Amino acid sequence: MTTLRAARFAVPLLAAVAVAGCSFTSNNVSCSGNECTATLTGEGSEASILGNSLVFAGTQDGRATLSVGDAEVSCAAGESVTAGPLSLTCTTVEDDSVELTASLG
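In our numbering, each residue carries its 1-based index in the sequence shown increased by 1.
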């Protein structure tokens, strides 16, 4: 019973740490402070970044198409765009992947 009670408190605590902007790494996302880097591979791949769901819709003509909530944007390597509450900079755009940096605002 004590272990279950401790687990119930640990999950919200970890979520609060992630929202506060501390450092963490998860599968394809690495965050430090209020900035994250992510690599999304394959059309439809998703990442949770700073409390927002980011979806990679693919590339065409060297531009990656991404969506955050209802906002859809495209960017080329080195280009910065705003999608919903996130500012995104596409660092690398390949045929089936995008590497980017994201921050709030």
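We put the CB at the ideal spot given by N, CA and C, even for glycine.
No experiment lies behind these values; they were computed from the predicted model shown.
- Comparing C-alpha distances from Gly-79 to each of Ala-65, Gly-70 and Ala-72 shows the shortest one belongs to Ala-65.
- In the three-state scheme derived from DSSP, where H, G and I count as helix and E and B as strand, Gly-59 is classed as strand.
- Taking the Cβ atoms as the reference, Asn-35 lies roughly 7 Å from Leu-51, within the contact range of under 8 Å.
- Taking 9 Å as the cut-off, the beta carbon of Ala-77 is found no closer than this to the beta carbon of Leu-55.
- When secondary structure is reduced to three states using DSSP, Asn-35 falls in the coil class, being assigned neither helix nor strand.
- Boundaries of the beta strand (DSSP E) around Ser-75: 72–77.
- Non-local beta-carbon contacts of Ser-98 in its own chain, meaning distances under 6 Å to residues more than five positions away in sequence, involve Thr-42 in chain order.
- Cβ-Cβ separation between Ser-68 and Ala-84: approximately 7 Å, consistent with a contact (criterion under 8 Å).
- The beta carbon of Ser-104 sits closer than 6 Å to those of Asn-35, Glu-36 and Ser-88, all from its chain and outside the five residues before and after it, given in chain order.
- Check the Cα spacing between Val-82 and each of Ser-33, Cys-32 and Gly-106: the tightest is with Gly-106.
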